[in-house]
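Participant: Numbering (the numbering used here), first residue to last: 800 to 1132. Where is the CB? At the ideal position from N, CA and C, for every residue including glycine. Please read these numbers as outputs of a predicted model, since none were measured by experiment. Below are the structure tokens for one structure; questions will follow.
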Amino acid sequence: MAEFIRTKPHLNVGTIGHVDHGKTTLSAAILHALALKNGSTAEKSVDQIDSAPEEKARGVTINISHLEYETDKRHYAHIDCPGHADYIKNMITGAAQMDGAITLPVIRGSALKALEGTSVDDEWVKKVLELIDQLDTYIPEPIRDKDKPFLMAVEDVFSIEGRGTVATGRIERGTINSNEEVEIVGIRPTTKSTVVSVEMFNKTLNYGEAGDNVGVLLRGIKKEDIERGQVLAKPGTITPHTEFTAQIYVLTKEEGGRHTPFFSGYKPQFFIRTADITGDVSLTEGTEMVMPGDTVDIIVKLIVPVALEEKQGFAIREGGKTVGAGIITKIIK
800 MAEFIRTKPH
810 LNVGTIGHVD
820 HGKTTLSAAI
830 LHALALKNGS
840 TAEKSVDQID
850 SAPEEKARGV
860 TINISHLEYE
870 TDKRHYAHID
880 CPGHADYIKN
890 MITGAAQMDG
900 AITLPVIRGS
910 ALKALEGTSV
920 DDEWVKKVLE
930 LIDQLDTYIP
940 EPIRDKDKPF
950 LMAVEDVFSI
960 EGRGTVATGR
970 IERGTINSNE
980 EVEIVGIRPT
990 TKSTVVSVEM
1000 FNKTLNYGEA
1010 GDNVGVLLRG
1020 IKKEDIERGQ
1030 VLAKPGTITP
1040 HTEFTAQIYV
1050 LTKEEGGRHT
1060 PFFSGYKPQF
1070 FIRTADITGD
1080 VSLTEGTEMV
1090 MPGDTVDIIV
1100 KLIVPVALEE
1110 KQGFAIREGG
1120 KTVGAGIITK
1130 IIK
């Protein structure tokens, strides 16, 4: 396996927009335009990006896809998010990994025309290259938490025959090297493993650092031993919890949220990092109900333990839509 040489700043960007607005087509057009500019063959078709059989059959992106490209100034991991409402959970995971996003309005055909271009002088290829220049100049280089203890939320898990189990995700903070010990925290009892290797886009990394989208090969772990929603962390640095207080904002009807108030006993889904967990909401003393548009303090009891920290943000969803957002203010247990 080739080795990834870190010579440029690494950023995570992606496409966000409504279903059928051309997010995947634009992602493919970016790879095509850069291939024309650099004389490279590293491009993918729309079908290759939407590679799962159900995606090809339905013509929509279901899972988030990760693509790689470089400009003169930066190395990018590009996240192609689903836009269909049925797969918003996957889109939230993708958006949480981004340092910046390309949002798509309803302009049909422009990315498709760029895909059909045969040289950098083509009008539509030029427009895509201009967009790529904007990525370099408009999105500031993020400040990474490289000096903090390692933590990565698990986005997906794969079993590679002859090698073992790989957990993928974006490193939230710290660095990770092969032969380092990690804990797998949340949802299940905490377990330990040793990192065999760290990889990004099928290249071996000397080390992974905050901001990298990586695959971590784990020793002695079966695919059924680990799942999305857990975290990999430096041993002893984070613990699982089920109960906390939080301050939340409840979206209004006009913002796409609830139309009616809720009371103690409300049980929405809490999206915490990559975890999607049901929680029982209790209102604090003196609050009888919460109206759309309110900012309130609540107590949450999750049905399973999740790796939590104070000041951590989360989203609240119910019935296929986002109804609020909040920050953990105190962990109870």
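DSSP state of A1032, grouped into three classes?
Facilitator: The residue labelled residue 1032 in the question sits at position 233 within the sequence shown. It is a strand residue.
Participant: Quick one: give me the first and last residue of the beta strand (DSSP E) that A1045 is part of.
Facilitator: Position 246 of the sequence shown holds residue 1045. P1039 to V1049 is the span of the beta strand (DSSP E), which, as asked, contains A1045.
Participant: Could you tell me how far apart the beta carbons of D879 and T967 are, in whole angstroms, since I believe they sit closer than 8 Å?
Facilitator: The residue given as residue 879 occupies position 80 in the sequence shown. The residue given as residue 967 occupies position 168 in the sequence shown. About 15 Å; that fails the 8 Å criterion.
Participant: Find out if the Cβ-Cβ distance for the pair A1106, V1030 is shorter than 8 Å.
Facilitator: The residue given as residue 1106 occupies position 307 in the sequence shown. The residue given as residue 1030 occupies position 231 in the sequence shown. For A1106 and V1030, yes; Cβs fall inside 8 Å.
Participant: By the 10 Å Cβ neighbour count, where 16 or more other Cβ atoms means buried, how is M1090 classified, buried or exposed?
Facilitator: Residue mapping note: residue 1090 aligns to position 291 of the sequence shown, counting from 1. Exposed.
Participant: By Cβ distance, which residues of its chain are closer than 7 Å to K836, with the 5 residues on each side in sequence left out?
Facilitator: Mapped onto the sequence shown, residue 836 falls at position 37. V919 and L928.
Participant: Quick one: Cα of G1123 to Cα of V1103, how far?
Facilitator: What you label residue 1123 is simply residue 324 of the sequence shown in a count that begins at 1. What you label residue 1103 is simply residue 304 of the sequence shown in a count that begins at 1. So the alpha carbons of these two residues sit roughly 21 Å apart.
Participant: Using only the alpha-carbon positions, how far apart do N976 and E960 sit?
Facilitator: Stepping through the sequence shown from its first residue, residue 976 is reached at position 177. Stepping through the sequence shown from its first residue, residue 960 is reached at position 161. N976 and E960: Cα-Cα distance of roughly 22 Å.
Participant: Does the beta-carbon of Y937 have 16 or more other beta-carbons within 10 angstroms, so that it is buried, or is it exposed?
Facilitator: Working through the sequence shown from its first residue, we reach residue 937 at position 138. By the 10 Å Cβ count, Y937 comes out exposed.
Participant: Considering only residues of the same chain and omitting the five flanking positions on each side of A1032, which have a CB-CB separation below 6 Å?
Facilitator: Here residue 1032 refers to the residue found at position 233 of the sequence shown. L950, E982 and V984.
Participant: From the DSSP output, which residues share a beta bridge with N811?
Facilitator: Here residue 811 refers to the residue found at position 12 when the sequence shown is read from its first residue. DSSP output for N811 lists A876 as bridge partner(s).
Participant: Buried or exposed for R1027, going by 16 or more other Cβ atoms inside 10 Å?
Facilitator: Position 228 of the sequence shown, counted from the start, is the residue given in the question as residue 1027. Under this definition R1027 is a buried residue.
Participant: Whose CA, out of N811, K925, I1126 and R943, lies closest to the CA of I1047?
Facilitator: As a first step, residue 1047 must be located in the sequence shown, where it is residue number 248. With distances taken between Cα atoms, I1047 lies closest to I1126.
Participant: Which two residues bound the contiguous beta strand (DSSP E) that contains Q933?
Facilitator: Numbered from 1 along the sequence shown, position 134 holds the residue referred to as residue 933. Premise fails: Q933 lies in the alpha helix (DSSP H), E922 to Y937, not in any beta strand (DSSP E).
Participant: Give the DSSP bridge partners of E867, in chain order.
Facilitator: For the purposes of this step, residue 867 is taken as the residue at position 68 of the sequence shown. Paired residue(s): A876.
Participant: Counting pairs of beta carbons, one from the region 1077 to 1094 and one from the region 1051 to 1068, are three or more of them closer than 8 Å?
Facilitator: Touching, yes, given that three or more Cβ pairs across the two stretches are closer than 8 Å.
Participant: Check for me: the alpha helix (DSSP H) holding N1012 runs from which residue to which?
Facilitator: The sequence position of residue 1012 within the sequence shown is 213, counting from 1. Counting along the chain, N1012 falls outside any alpha helix (DSSP H), though it belongs to the beta strand (DSSP E) covering N1012 to L1017.
Participant: Following the continuous alpha helix (DSSP H) through A828, name the residue where it begins and the one where it ends.
Facilitator: On the sequence shown, residue 828 is found 29 positions in, with the first residue counted as 1. Taken as a continuous stretch (DSSP letters only), the alpha helix (DSSP H) holding A828 covers K822 to N837.
Participant: Give the list of continuous beta strand (DSSP E) stretches no shorter than 3 residues that lie fully inside the region 948 to 1012.
Facilitator: The region 948 to 1012 contains these whole beta strand (DSSP E) runs: 950 to 952, 955 to 959, 963 to 972, 980 to 985 and 987 to 999.
Participant: Using the rule of at least 16 other Cβ atoms within 10 Å of the residue's Cβ for burial, across every protein chain shown, is N811 buried or exposed?
Facilitator: For the purposes of this step, residue 811 is taken as the residue at position 12 of the sequence shown. Its Cβ being crowded by 16 or more others within 10 Å, N811 is buried.
Participant: What span of residues does the beta strand (DSSP E) with F1113 cover, start to end?
Facilitator: As a position in the sequence shown, residue 1113 is number 314, starting the count at 1. Start and end: G1112 to E1117.
Participant: Taking 7 Å as the limit between beta carbons, can you name the residues of its chain near F1043, skipping five residues before and five after?
Facilitator: As a working mapping, residue 1043 is identified with position 244 in the sequence shown. Closer than 7 Å at Cβ, skipping near neighbours: V1099, L1107, I1127, K1129, I1130 and I1131.
Participant: List the DSSP bridge partners of S1081.
Facilitator: Counting from 1 along the sequence shown, the entry for residue 1081 is found at position 282. S1081 is bridged to I1098.
Participant: Are the CB atoms of K872 and K807 within a distance shorter than 8 Å?
Facilitator: Numbered from its first residue, the sequence shown carries residue 807 at position 8. Numbered from its first residue, the sequence shown carries residue 872 at position 73. Result yes, Cβ atoms of K807 and K872 sit closer than 8 Å.
Participant: Distance check for K947 and R972, CA to CA, integer angstroms please.
Facilitator: In the sequence shown, counting from the first residue as 1, residue 972 sits at position 173. In the sequence shown, counting from the first residue as 1, residue 947 sits at position 148. Those two C-alpha atoms are separated by around 6 Å.
Participant: Run the CB neighbour count on D1011, radius 10 Å, all protein chains shown included, and call it buried at 16 or more, exposed below.
Facilitator: Along the sequence shown, read from residue 1 onward, the residue named residue 1011 stands at position 212. With 16 or more Cβ atoms within 10 Å of its Cβ, D1011 is classed as buried.
Participant: Could you check the C-alpha separation between P988 and A832 for me, to the nearest Å?
Facilitator: Looking up residue 988 in the sequence shown gives position 189. Looking up residue 832 in the sequence shown gives position 33. About 47 Å.
Participant: Can you check whether the CB of A876 is closer than 8 Å to the CB of R943?
Facilitator: On the sequence shown, position 144 is the one that residue 943 refers to. On the sequence shown, position 77 is the one that residue 876 refers to. Result no, Cβ atoms of R943 and A876 do not sit closer than 8 Å.
Participant: Return the CA-CA distance between K855 and R1018, expressed in angstroms with no decimal places.
Facilitator: The count along the sequence shown starts at 1 and reaches residue 855 at position 56. The count along the sequence shown starts at 1 and reaches residue 1018 at position 219. For K855, the predicted structure reports a pLDDT of 33, less than 50, and the residue's modelled location is therefore unreliable. The matter cannot be settled from this model.
Participant: Comparing C-alpha positions only, which one of Y1065, E980, H1058 and T814 sits nearest to T1036?
Facilitator: One-based indexing of the sequence shown puts residue 1036 at position 237. Ranking the options by Cα distance to T1036, first place goes to E980.
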